[in-house]
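*Asks:*
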Amino acid sequence: MGRRTTGAARGALGIGALAAALVLVLVLGDWPSGVLTEFWAEHAMLTNVVSSLLFLLVGATLVEWWIARQDARRYRIIEVTAYGAVARAPLAARRALWGLLNGGTGSGDADFGIREHERTEIEAAFARRGLAPASELEIVHRVAPLPPDVERLAVLIGDERWRRTALTVIRRAIDSARVITARWAQVMLSAQRSAETLGAIGVVIEDLRRVRRILHELSGPGADPADVDRIRAAAIAWRTAFVHAADAYEHIADAAHPDTHENWTELLIQPADLRVLRVRDGTRESWSPVYGPDRPPAVDLAFLEPPEDPQPGSGSTGD
9 MGRRTTGAAR GALGIGALAA ALVLVLVLGD WPSGVLTEFW AEHAMLTNVV SSLLFLLVGA
69 TLVEWWIARQ DARRYRIIEV TAYGAVARAP LAARRALWGL LNGGTGSGDA DFGIREHERT
129 EIEAAFARRG LAPASELEIV HRVAPLPPDV ERLAVLIGDE RWRRTALTVI RRAIDSARVI
189 TARWAQVMLS AQRSAETLGA IGVVIEDLRR VRRILHELSG PGADPADVDR IRAAAIAWRT
249 AFVHAADAYE HIADAAHPDT HENWTELLIQ PADLRVLRVR DGTRESWSPV YGPDRPPAVD
309 LAFLEPPEDP QPGSGSTGD
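Positions 9 to 327 (the working numbering) are the ones given, in order, by the sequence shown.
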């Protein structure tokens with residue numbers, strides 16, 4: 009569809025150039041020189057033909073320009089609709105990951121994947137583990153600080169019922185992302201940023217699969233949910249999936265409404281998350297969040313590190 013619009017615009021440009029050339033010929037032909045003036049006077053039929061052709065070309069140029077403009081408007085409406093629909097895939101992933109760790113109320117949208125009985129189970133896991141829900145709305149409005157999500161995951165990952173719920177919710181987010189993408193892929197192929205958009209969603213799906221695989225391994229026979237290496241791997245995979253989903257949503261939503269879109273997700277991003285984006289994209293930073301004293305300086309994995317062994321020769325010799 010985009011190529012068709014471009015072709016119409018090029019056609020209008022070509023016809024307009026031809027019309028301009030004919031106008032130039034007529035102007036030069038009317039120049040006060042005896043030869044050209046006599047030529048047009050002696051060839052009245054040719055003069056009428058050229059004038060009529062010029063009129064047709066000018067009219068065709070205007071028609072082609074109007075058609076190209078209407079095609080562009082129609083295509084933009086379709087493109088905005090497609091971007092808005094496809095953006096729901098990473099948004100669903102981000103909200104699923106947030107809801108599993110921090111709770112919150114549902115939006116009543118089937119694409120967002122946490123059902124009421126699952127939300128009840130998540131809140132019960134919070135109660136069993138001594139965690140309070142964190143409101144995304146309060147954080148966005150700077151009423152509450154960002155929760156220590158890595159520490160919350162390290163606590164919740166030891167709860168078997170929470171892991172089962174998380175496996176179900178994440179699987180549904182993966183399925184939802186695939187369905188949404190398949191539904192709009194044909195339309196997205198003609199969009200200017202189709203490769204970037206579909207590639208970003210593919211990264212989010214792969215991230216969710218990695219998180220789910222780690223949770224599944226922790227739920228297997230003989231697995232130790234307190235294994236520090238597994239917890240660290242889960243924390244990194246979880247945070248990476250959240251950041252990629254948030255980044256993908258903001259870029260796709262910005263493509264749909266570049267003049268009106270407000271980036272609320274940056275308020276949920278921590279400074280260390282920018283490293284996740286740099287690892288993926290080289291040196292690009294998608295945004296520069298404004299950090300205050302109530303915002304964590306980084307995703308802190310230090311509490312998962314084993315205590316350092318004393319250095320040889322340190323300490324008292326016991327004289």
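Think of the CB as a built atom: it goes at the ideal place given N, C-alpha and C, for glycine as much as any other residue.
The model shown is predicted, which means the values in this text are computed figures rather than measured ones.
What number of angstroms, rounded off, separates the C-alpha of residue 221 from the C-alpha of residue 133?
*Replies:* 21 Å
*Asks:* To the nearest angstrom, how far is the alpha carbon of residue 168 from that of residue 153?
*Replies:* In a straight line, the C-alpha of residue 168 is about 28 Å away from that of residue 153.
*Asks:* Which residue from 184, 106, 77 and 71 puts its Cα closest to that of residue 277?
*Replies:* Residue 277 has its Cα closest to that of 106, out of 184, 106, 77 and 71.
*Asks:* For residue 103, which of helix, strand or coil comes out of DSSP?
*Replies:* helix
*Asks:* Do residue 205 and residue 253 count as a contact pair if the criterion is CB distance below 9 Å?
*Replies:* no
*Asks:* Taking residue 215 as part of the alpha helix (DSSP H), name the residues at either end of that continuous run.
*Replies:* 202 to 226
*Asks:* Identify whether residue 98 lies in helix, strand or coil by the three-state DSSP scheme.
*Replies:* helix
*Asks:* Do you know offhand how far residue 10's Cα is from residue 188's?
*Replies:* Residue placement at residue 10 cannot be trusted, given a pLDDT of 45 that sits under 50; the coordinates are not used to answer.
*Asks:* Any idea what DSSP makes of residue 293, helix, strand or coil?
*Replies:* Because the pLDDT of residue 293 is 43, which lies under 50, any placement of that residue in the model is unreliable, and the number read from its coordinates should be weighed accordingly. Three-state result, residue 293: coil.
*Asks:* Contact check, residue 126 vs residue 176 under 8 Å by CB: the rounded distance?
*Replies:* Contact holds; Cβ gap of about 7 Å.
*Asks:* What is the rounded straight-line gap between the Cα of residue 302 and the Cα of residue 86?
*Replies:* With a pLDDT of 41 at residue 302, under the threshold of 50, the predicted position of this residue should be treated as unreliable, and no value is reported.
*Asks:* Between 158, 223 and 186, which lies nearest to residue 93 when the distance is taken from Cα to Cα?
*Replies:* 186
*Asks:* Which first and last residues belong to the alpha helix (DSSP H) in which residue 149 is found?
*Replies:* Per DSSP, residue 149 lies in no alpha helix (DSSP H) and is assigned neither H nor E.
*Asks:* Does DSSP classify residue 111 as helix, strand or coil?
*Replies:* Residue 111 falls in the coil class under three-state DSSP.
*Asks:* Can you name, in chain order, every residue of its own chain whose Cβ lies under 7 Å from the Cβ of residue 171, other than the five neighbours on each side?
*Replies:* 165, 223, 226 and 227
*Asks:* Does the distance from the CB of residue 219 to the CB of residue 245 come in under 9 Å?
*Replies:* Going by C-beta atoms, residue 219 is nearer than 9 Å to residue 245.
*Asks:* Go ahead and pull the three-state DSSP assignment for residue 92.
*Replies:* Here residue 92 sits in helix by DSSP.
*Asks:* Taking C-alpha atoms, which residue in 148, 100 and 57 lies nearest to residue 249?
*Replies:* Taking each of 148, 100 and 57 in turn and checking the Cα distance to residue 249, the smallest one comes out for 100.
*Asks:* Tell me which same chain residues have a C-beta within less than 8 Å of the C-beta of residue 197, skipping the five on either side of it?
*Replies:* none
*Asks:* Distance, Cα to Cα, residue 64 vs residue 195?
*Replies:* 36 Å
*Asks:* Whole angstroms is fine: what's the gap from residue 174's alpha carbon to residue 75's?
*Replies:* 51 Å
*Asks:* Grab me the residues of residue 217's own chain with a C-beta within less than 7 Å of its C-beta, minus the 5 sequence neighbours each way, in chain order.
*Replies:* 182
*Asks:* One question on the structure: do residue 145 and residue 160 come within less than 9 Å of each other, judged by their Cβ atoms?
*Replies:* no
*Asks:* Out of 156, 150 and 209, state which residue places its alpha-carbon closest to the alpha-carbon of residue 141.
*Replies:* 156
*Asks:* How far does the alpha helix (DSSP H) with residue 183 in it extend, from its first residue to its last?
*Replies:* Under the DSSP assignment, residue 183 falls in the alpha helix (DSSP H) whose first and last residues are 168 to 196.
*Asks:* Taking Cβ positions only, does residue 149 come closer than 9 Å to chain D?
*Replies:* Looking for chain D here will not work: only one protein chain is present.
*Asks:* Between residue 90 and the rest of its own chain, which residues show a CB-CB distance below 6 Å, the 5 nearest in sequence each way excluded?
*Replies:* 192, 195 and 196
*Asks:* Distance, Cα to Cα, residue 178 vs residue 261?
*Replies:* 22 Å
*Asks:* Give the DSSP-derived three-state secondary structure of residue 232 in the structure shown.
*Replies:* coil
*Asks:* Counting C-beta neighbours from all protein chains within 10 Å, is the total for residue 207 16 or more, i.e. buried, or is it exposed?
*Replies:* Taking all protein chains in view, the Cβ of residue 207 is surrounded by fewer than 16 other Cβ atoms within 10 Å, so the residue is classified as exposed.
*Asks:* Given a cut-off of 9 Å on the beta-carbon distance, is the pair residue 212 and residue 97 in contact?
*Replies:* yes
*Asks:* Could you tell me the boundaries of the alpha helix (DSSP H) in which residue 142 lies?
*Replies:* Counting along the chain, residue 142 falls outside any alpha helix (DSSP H), and DSSP gives it neither H nor E.
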